[in-house]
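*Asks:* So for the sequence shown, our numbering puts the first residue at -7; every next one is plus one.
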Amino acid sequence: MDNDQFEKRMDFLKKSYDRVPSSFDPNEVFKKIDEEKVPQSNKQKSSNGGFRQHLTIWAMGIASIFIIGIIGAGYVLDQKQKSDEEVIQTPVTDEYIESLLKQYEEEREKRREMVKLDEVFFKHYASFADSTINLLKNESYLEMVSEGTEKTPLEETYNRAIEELKLPSEMLKDLKANSLNNDEQGSITFLGEYRRKIQMLIEIYDQILKENKEAIDAYEVGPHVDKAEIMLLSTKSFPEQLQNIIGTMRDQSIRLHTEKYSGEIRTRHNNYYFYYSDLAFNLHHHTDAYIQMMVEEPYMYGPILQYPLNEMAYKLGRMEQTLINVEQDHSLYPVLESYYLTIFNDLVKGSEYTKIFDEDGILLPDYQDVWRGMAATGDVSPLTYVMQPIVKEMEASGWRESESWNSLSYDALKDAITLAREGQLEYYMYGERPDFKSETIQFPNESFWNEVYALYEDFKKSYDKSVLKGASPIHVLGIFDYANEMDDPETMYHLYSESVMYSNYGEIELDDYVQNWRKGFSHFRNATEVRFDQNTVYREGLKFRSHLSFTGSDREVQMIFNEEGIWEVYSGFMETLPSYQMSPEIGFRDLLNSGEYTHRSINNPNYDMKYLNGIGALDMVGAYFYALSRGNYEVQYKLFFQGEGSEIVEKETYLENPEKYSQSPPYEDGMYVKASFQGLEQDENGNWPGVATLTVDTELYPNLPSEMKLHMFWTEEGWRVKFNPFE
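1) Using a Cβ-Cβ cut-off of 7 Å (strictly less than) and excluding sequence neighbours within five positions of S394, which residues of its own chain qualify?
2) Is the separation between the beta-carbon of F715 and that of L702 shorter than 8 Å?
3) Could you check what DSSP says for A519 in three-state terms: helix, strand or coil?
4) Who are the near neighbours of L69 in its chain, counting only those whose CB is closer than 6 Å to its CB and skipping five residues on each side?
5) Going by the beta-carbon positions, is the gap between I200 and I257 smaller than 8 Å?
6) Please go through the same chain and pick out, in chain order, the residues whose beta-carbon is closer than 6 Å to the beta-carbon of W397, but skip the five residues on each side of it.
7) Exposed or buried, which one is K115 when buried takes at least 16 other CB atoms within 10 Å?
8) If you draw a straight line from the alpha carbon of S91 to that of S119, how long is it in whole angstroms?
9) With a CB to CB cut of under 8 Å and the five nearest residues on each side skipped, what residues in its chain are close to G557?
10) May I ask which residues mark the beginning and end of the alpha helix (DSSP H) holding W441?
11) Under 8 Å, do L328 and T346 count as touching if we go by C-beta distance?
12) Does the contact criterion of 3 or more C-beta pairs under 8 Å hold for the segment 284 to 299 versus the segment 333 to 346?
13) Which first and last residues belong to the beta strand (DSSP E) in which H249 is found?
14) Ends of the beta strand (DSSP E) at I89?
15) Taking only the alpha-carbon atoms, compute the straight-line gap between L631 and D504 and give it to the nearest angstrom.
16) Could you check which residue in M493, V683, L405, H216 has the C-alpha nearest to that of M700?
17) Indicate the three-state DSSP secondary structure (helix, strand or coil) for L547 in the structure shown.
18) Report the rounded CA-to-CA distance for T645 versus A615, giving the unit in angstroms.
19) Which residue's Cα is closest to the Cα of E727: V107, E195, E212?
20) Cβ atoms of Y267 and S245: under 8 Å apart, would you say?
21) Taking just the CA atoms, how far does L275 sit from E176?
22) Among the candidates L127, T687, M241, G662, whose CA atom is the shortest distance from the CA of F669?
23) So the candidates are K219, E195, Q320; which of them puts its Cα closest to the Cα of L109?
24) Identify which residue in E101, V137, T149 has its Cα closest to the Cα of S123.
25) Go through its chain and collect everything with a Cβ distance to G41's Cβ below 6 Å, but skip five positions before and after it.
26) Which partner residues does A368 have in the DSSP bridge list?
27) Please go through the same chain and pick out, in chain order, the residues whose beta-carbon is closer than 7 Å to the beta-carbon of H539, but skip the five residues on each side of it.
28) Under 8 Å by Cβ, that's how I've got A220 and H249 pegged, so tell me the actual separation to the nearest angstrom.
29) Could you give the first and the last residue of the continuous beta strand (DSSP E) run that contains R258?
30) How big is the Cα-Cα spacing for E319 and E418?
31) Excluding sequence positions up to five away, which residues of its chain have a Cβ less than 7 Å from the Cβ of I594?
32) Taking only the alpha-carbon atoms, compute the straight-line gap between I358 and K205 and give it to the nearest angstrom.
This is the structure:
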């Protein structure tokens, strides 16, 4: 790297580690360290070249800065594991210090062996840890510890040095054992340290690749394969140090990579899903784009974007969510923000290397698609805020010009991010947000239904939604529900949001809706209360979405607050009445096969029978006969209807003599060849009956009728077989 790059990197890294505890006087320590030069060892040979000199200076400089921050600031995982432990002070003796230094050297050598690096390379990786442990060799520092001026115990300094030595693979193992997915600050700190170590290893590995360029160039592969991928599979083809890193880099989440434009072999963070998922599943969700960044960076090859255009709106959207929501730090946040702004401006403004307009001054089609994607990133989104006026003006001009584009500054998107972080962006985009109020209504509630009936009558006169202005979402759903009870699909149709009345085939017309309508169960059935929570409201452009929750029943209904300030039904799907349910004729053998899976689920003693609610009536018939064929009367008993009007006997009585109840007529293999089902109208007991028609093989069983009627009843947990089902 040149001197400018080096200075910028040093300045950036200094900010990253500028965490100085108030009890520590850095000037005093640096003064003492300057007075007592610690002898250097393992001097590098001059033949190592400029890179090693730069890397050494870089590592030593960072390490010196890091000494300031390391006092009084432990690593997150180490603190998480030891939060309940009390640090025991140990006397500062020469013997104790020597034992710590000896243990450190053993731990250091262990890590060097794990990555199989020569000392000339490994010392760069270990520079932070070496600087920390060297405090134990500094007489002034030890004197401060003895006098109590420095409060950090020696063993804690030692432990921090060991944490700094840990390889990325060890950090990942610790993370999986001690998840940080509920700790945002801890996740940020972990990722900052993890990324630093990955980048240090990448710097080292890339230097080894450069020093072995001749061997790499001589390694021939086919024209249609990736040399980097083939090299990772190699076992004995290269000089020892190169072969060593090829054999160990994958353990540290690093891979070989072929540069897109130069063809040069370099190293990058692994992009395999399981590496990414280990991080994503164990770190706070606000850090998602940091993880993505580590896997994908660098995004630019010099001034040229490395990724396909059609992926960039999505990538920028993920970056944006982290930049808006995450707690700002001095290491990861500036890097992600820089990528975000650089990529955006390259895509929107172009450069001498990125031409976005054709010879006629028209924006290239691929960029038109990307711009539209960015304009649709989110409803309260900095990208949307900046890009919507540009896209609108560009489309109006045939993608030739836009005043908003002409006046767009490099930091416009950064300013929008600031507005979003302060909670002001929605106001700038849409104006004042409505003042939604939470509401809970208890049931049964005669007063509520009287209000609903009155609203229903007013609305039905003309279907003018302004009648519903000021009505709560619970009341609007009540009108919808009452219209269903009154067999009034036309009123239900007009209560839906217009955005719902479309399908893949176009707009759903009123006549089509009415013709295909089927009466359903009330949304309010079994509910003891219905709740609307203002905190669940979120914006969709000029509209808002939310949902109603029902206590006493497992359901939610989505509602929309439209541009006119009126609540509408969004997902008013009602469970169709059982009388509409029917199944065409299928083979009885197929019925048994489907019933086998259902039987296996029910046979599990921990299975919750409510999950059978979505299973069809014929599947339940199949499970019933499969249980009978296996002699599993426990399962068979579970499938009997036990509601109002049932004549079922006690379970113990049934299991004592199941043949007495379960076979009327007897069931044998091959008795039935086909089956169908039809639901029936509600009976006088309030039950919903249905009949499965079983076609008998009369050639094998000439004494039986050609069809047998098996009676069933619908319950809240699905269809059940009537006790003595053929009666």
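Ideal Cβ placement from N, Cα and C applies to all residues, glycine included.
*Replies:* Based on what the coordinates show:
1) Only residues of its own chain outside the window of five on either side were considered, and among them I382, E385, M386 have a CB closer than 7 Å to the CB of S394, listed in chain order.
2) Contact flag unset, no.
3) Of the three classes helix, strand and coil, the one that applies to A519 here is coil, per DSSP.
4) With a pLDDT of only 47 at L69, under 50, the local geometry of the prediction cannot be trusted, and the value read off the model is given with reservation. Apart from the 5 residues on each side of it in sequence, L69 sits with its Cβ closer than 6 Å to the Cβ of D166, N170 in its chain, given in chain order.
5) No, the pair does not count as a contact, with Cβ atoms beyond the cut-off.
6) Excluding its 5 nearest sequence neighbours in each direction, W397 has C-beta neighbours in its own chain below 6 Å: I382, listed in chain order.
7) The residue is buried, with at least 16 neighbouring Cβ atoms inside 10 Å.
8) Here the C-alpha atom of S91 lies approximately 20 Å from the C-alpha atom of S119.
9) Same-chain partners within the cutoff: P426, K461.
10) Where W441 is concerned, the enclosing alpha helix (DSSP H) stretches over 438 to 454.
11) Judged by beta-carbon spacing, T346 lies beyond the 8 Å limit of L328, meaning their Cβ atoms are not closer than that value.
12) Under the Cβ criterion (8 Å, minimum of three pairs), the segment 284 to 299 counts as touching the segment 333 to 346.
13) Its beta strand (DSSP E) spans residues 246 to 250.
14) For I89, no beta strand (DSSP E) segment is defined; the enclosing uninterrupted segment is the alpha helix (DSSP H) at 86 to 107.
15) Approximately 38 Å between the Cα atoms of the pair.
16) Cα-wise, what sits closest to M700 is V683.
17) Reading the sequence as shown, one finds Arg at residue 547 and not Leu. Looking at R547 - three-state DSSP - the assignment turns out to be coil, as it is neither helix nor strand.
18) T645 and A615 have their C-alpha atoms some 22 Å from each other.
19) Not covered by the structure: residue 727. The range shown for the chain is -7 to 719.
20) Inclusion of S245 and Y267 in the CB contact set at 8 Å is warranted, their separation being smaller than that value.
21) Roughly 8 Å between the two C-alpha positions.
22) For the residues L127, T687, M241, G662, the minimum Cα distance to F669 belongs to T687.
23) Ranking K219, E195, Q320 by CA distance to the CA of L109 puts E195 first.
24) Closest by alpha carbon: T149.
25) The pLDDT assigned to G41 is 49, lower than 50, so where the model puts this residue is not dependable; a value taken from the coordinates is nonetheless given after this. Annotation for G41: no residue places its beta carbon closer than 6 Å to its own, counting only its chain and skipping 5 residues before and after.
26) Answer by DSSP bridge pairing: none, since A368 is not bridged.
27) So the qualifying residues of the chain are T528, E548, V549, Q550, M551.
28) That belief holds up - the Cβ atoms of A220 and H249 are roughly 5 Å apart, short of 8 Å.
29) Element bounds for R258: 257 to 261.
30) Rounded to whole angstroms, the separation of the alpha carbons of E418 and E319 is 20 Å.
31) Around I594: A615, V627, K630.
32) A small correction: the amino acid at residue 358 is Asp; Ile does not occupy that position in the sequence shown. Cα to Cα, D358 sits roughly 37 Å from K205.
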